[in-house]
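Residue numbers (the numbering used here): 8 to 189.
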């Protein structure tokens, strides 16, 4: 058996790209959840015709991670990077954890200096709602992926049970007839 250098290199580069996209998506969505919650708390009225503001919030949401909580955020990301590389854990739990913590870092960095407690309550309530929705979506996707092969496995199990029953019936018939002594 020969070691295929191209397969090893492609697999390594693919894993690096996958891990980078994994972190970028979690950072981006976490920043977006925290940024939208912060925007809702800052607004005194909500104008639904302002689509440009929502698009800017989408594009600039990772920049909201640069706040006074940057050092703990970098430490958390380093720990999670080690977790992903050691445990090969680019899964639902890891992605949901990174997403939730990044949105929390945005909220802690930008929402602790509200001058009106009503704005802070609105912002944190919106954050809890959006984070709950995102984590529920992550959980539902995890359940969908887990139950993806349930029907095929049930069919395979039924087929195996049928084959076992046929073998048992054949062996019972051989015992009744006795061995063939030709």
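Heads up, the beta-carbon is just placed ideally off N, CA and C, and yes, glycines get one too.
Discussion item. On the criterion of 16 or more Cβ atoms from any shown chain inside 10 Å, does residue 105 qualify as buried, or is it exposed?
Written reply: buried
Item to complete: Would you mind giving the Cβ-Cβ distance between residue 42 and residue 71, rounded to the nearest angstrom? I have them listed as a contact below 8 angstroms.
Response: 5 angstroms
Worksheet item: If we ignore side chains and look at the alpha-carbon of each, how far apart do residue 171 and residue 146 end up?
Response: 37 angstroms
Worksheet item: Quick one: is residue 33 buried, meaning 16 or more other Cβ sit within 10 Å of its Cβ, or exposed?
Response: Residue 33 counts as buried, since no fewer than 16 other beta carbons sit within 10 angstroms of its beta carbon.
Worksheet item: If you measure from the beta carbon of residue 96 to each beta carbon in chain B, is any gap under 8 angstroms?
Response: Included in the structure is just one protein chain, with no chain B present.
Worksheet item: Whose C-alpha, out of 25, 46, 20 and 100, is nearest the C-alpha of residue 131?
Response: 46
Worksheet item: What's the C-alpha gap between residue 64 and residue 118?
Response: 16 angstroms
Worksheet item: Hey, would you say residue 1 sits closer than 8 angstroms to residue 129, going by beta carbons?
Response: The first residue shown for the chain is 8 and the last is 189, placing residue 1 beyond what the model contains.
Worksheet item: Among the residues of its own chain, which have a CB less than 7 angstroms from the CB of residue 137, if the five just before and after it don't count?
Response: 40, 43 and 44
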